[in-house]
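See structure below.
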Amino acid sequence: RGGRAAGWSGVRAVPPRSRWAAEGAGAKQRTNAGGECDRIRAAHPDKVFLRSSSVLVQDAASGETILSKHADAVLPIASITKLMTAMVVLDWAKAQGENLSQLATVPETVSALNSPNSIGLQPGDTISLRDALYAALLQSDNEAAETLAVHVGRKIGRGQTDRAASDFFVAQMNALARK
C-alpha cells in the first residue's frame with residue numbers, strides 16, 4: 075500500500091451502492107440495488123440518476139444551467155470544516171508560493187477515521203494537494219482533509235507528530251474563523 079499514488083483527479087461520478095425505495099405509507103427503506111442500478115443505467119444511458127435531494131450544475135464560463143433539481147431549496151452548508159480546511163491550505167500556498175501539485179503522504183492518523191465518502195486513501199499513500207482538496211471538497215473525504223491538515227500543519231507549525239501538526243492546523247483554522 076505504501077507509496078502508491080492515489081489516482082483521483084478532478085470530478086468523477088461515483089455509482090451509488092444503494093437506492094431509496096418507497097414502501098407503505100411513504101416510509102423509506104434503503105435497499106441494495108447494485109445490479110438493478112446497473113441494469114437501469116444500461117437501459118437509460120441518456121438519463122442522469124441522482125441520490126441528492128437538490129443539485130445545480132452550471133457552465134462556469136457562460137453561467138448556463140446544465141442540470142438542476144430543487145435548485146432553490148435552502149439547505150445547510152454540508153461541511154464548514156472542510157471549507158475552512160481548503161481556505162487555510164489555499165491561503166498558506168499563496169502566501170508561501172507553494173505548488174498544489176506537491177505530494178503529501180497520507181498520515182497514520184487516517185486509520186482512526188471512518189469516512190463514508192472515502193476515495194480509498196490509506197496510510198503511506200501519496201496524493202497531490204490539489205487532488206486532496208478536490209476529494210475533501212467534492213467528495214467530502216475526511217482522509218483527504220486530514221492529509222491536508224497534517225501536511226500543511228507540519229510545514230507551517232513544524233509539528234513533530236501527525237497529531238501535533240493536525241492540532242496546529244486546527245489552530246490556524248480557528249484563527250481564520252475569528253477574522
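Residue numbers for the sequence shown, in our numbering: 75 to 253. Don't be surprised by glycine CBs; every beta carbon is placed ideally from N, CA and C.
For the alpha helix (DSSP H) that contains V162, what are its first and last residues?
154-170
For V180, which residues from the same chain have a beta carbon less than 6 angstroms from its beta carbon, with the 5 sequence-adjacent residues on both sides left out?
Same-chain partners within the cutoff: L195, P197, D199, T221.
Beta-carbon within less than 7 angstroms of R204's beta-carbon, same chain only, minus the 5 sequence neighbours each way: which residues are those?
So the qualifying residues of the chain are L174, S175.
Less than 7 angstroms between C-beta atoms, sequence neighbours within five positions excluded: which residues of the same chain meet that for E217?
V180, V184, L187, S189, S192, L195
Considering only DSSP beta bridges, list what L177 is partnered with.
S202
Would DSSP call L195 helix, strand or coil?
Three-state DSSP puts L195 in coil, outside helix and strand.
Sort out for me which residues DSSP pairs K143 with in a bridge.
V129
Could you check the C-alpha separation between R237 and A209 for me, to the nearest Å?
21 angstroms
S153 versus L211, I230, A251, N248, residue with shortest Cα-Cα distance:
L211
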